[in-house]
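Peer 1: Numbered per my numbering, the sequence shown spans residues 0 to 167. Take a look at the following structure, please.
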Amino acid sequence: MKKEFLEITPFTLAIVSEQDENGRYIAKVLEEEMEYVLEAKPTNVIDYACKYFGASLKGRQEGTREISGITHKAPITIDPASGMYFFPTKSPSNANCSWIAHSHIKEVRRGDEGTTSVLFKNGSKISLDISHGSLINQLQRTAQIRFLLDDRIKRWRKPLRSEDDKDS
């Protein structure tokens, strides 16, 4: 099914780069219950989703760099409040870059000739043109940025003690 709008939600598993019959890169969006195609590159879909939540992809990448020091193929949060953390499989400037949702991954397996299979918690599976080691590295980097950002958010949410509370 083709859709005309760009929508990424907490139920999005991946935005996979594919080529259409004319050789143009398009985005196959995998959701928990369905999948659909967008006539846009996956990185453009991610940028649109970031902007929907108040920042551009570039801004999210700069935030990742500031928090963790990660500069290349940086994992990002689209919206930390809803747990949407994604990582790219290649440089985001590469039209063949796919984006994977960190929270939906159940298992990662070596595939044939430099590919890796990703098994999602809902049972669906995709094969990606990325080495097993590189995908594991992206998973770990995403876990790191997720932990660091969630920790910062939790610290700000702690109730502040008033001067009266300090005396007791």
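Glycine included, each C-beta is placed from N, C-alpha and C at the ideal position.
1) Any chance you could list the beta strand (DSSP E) runs of at least 3 consecutive residues sitting entirely within the stretch 15–103, in chain order?
2) Quick check: what's the CA-CA separation for M0 versus M33?
3) On a Cα-Cα basis, can you pick out the residue from P87, N21, I66, K124 that is closest to D46?
4) In whole angstroms, what is the alpha-carbon distance linking G132 and K50?
5) Would the beta-carbon of N93 be found less than 6 angstroms away from any heavy atom of the ligand NAD?
6) Kindly indicate which three-state DSSP category F146 falls into: helix, strand or coil?
7) Since S126 is in the beta strand (DSSP E), which residue starts that stretch and which ends it?
8) Flag this pair as yes or no: are the beta carbons of I77 and A48 separated by less than 7 angstroms?
Peer 2: Quick answer:
1) 24–30, 34–37, 75–78, 83–87, 98–100
2) Unreliable positioning characterises M0 in this predicted model, as indicated by a pLDDT of 48, which lies under 50. The coordinate reading is nonetheless provided below. Approximately 9 angstroms, taken between the alpha carbons.
3) P87
4) 31 angstroms
5) The ligand NAD is not among the ligands present in this structure, which contains no ligands whatsoever.
6) helix
7) 124–127
8) yes
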